[in-house]
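Data first, discussion second: the structure below is written as structure tokens.
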Amino acid sequence: MSTEPVIREPRSTSVTGRIDPSYKRAGGPKGQFEMIAWLFMRLSGIVLVVLIFGHLTVNLLLGEGVHGIDFGFVAGKWANPFWQFWDLAMLWLAMLHGTNGVRTIINDYAERDSVRFWLKVVLFVAAAIIVILGTLVIFTFDPCPHGITSGLPDFCPAA
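In terms of full-length UniProt numbering, the sequence shown opens at residue 1 and continues consecutively.
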């Protein structure tokens, strides 16, 4: 008789064909959150590729290219609700996507719980500030500011 231990194959099945309970994933809220975060990263990445290439195409390839981007160009774009929504979606998705990625890195590399906690607090506060300020800029942007007479888009009364 051999005294060597028998090593089962990973996720080996019993005689009944069921997966051994010791191999089942741990359920619970954290496992579900991580799965949703993983799925969000994949889906938001696909949407971000479309948003970013659309942004680059309109801003750099059409019209005068990079030399045509000025206050009037941005004012003209943000006068249209479509472009406000486009840039808002790009801002929100990019920030949430990046924040989730950095959160994963913090979870992987910060060994102490207290360090992990404070790094995530700083990350979430910084992300919230950027999202709030960016949203305010997009929706409170005045394409026709008072007192400026040159460089305004054509639809402004002073232009």
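In this text, a Cβ means the ideal position worked out from N, Cα and C, and glycines have one as well.
Reduced DSSP category for residue i - H, G, I as helix; E, B as strand; rest coil
i	result
THR99	helix
ILE46	helix
PHE141	coil
THR104	helix
PRO5	coil
ASP87	helix
ILE36	helix
ALA79	coil
LEU60	helix
ASP70	coil
GLY54	helix
Environment of residue i [buried if 16+ CB atoms lie within 10 Å]
i	result
ALA128	exposed
TRP118	exposed
TRP78	buried
Nonlocal neighbours in the same chain, by C-beta distance under 8 Å from residue i, ignoring five residues either side
i	result
ILE138	TRP78, GLN84, ASP87, LEU88 and LEU91
HIS55	TRP86, ASP87 and MET90
Own chain partners of residue i with C-beta closer than 7 Å, once the 5 adjacent residues on each side are dropped
i	result
VAL66	LEU60
MET35	none
Can we say the segment 121-136 touches the segment 88-100, given the rule of at least three CB pairs closer than 8 Å? yes
Say whether the segment 83-93 touches the segment 46-61, bearing in mind that this needs 3 or more beta-carbon pairs closer than 8 Å, one atom from each stretch. yes
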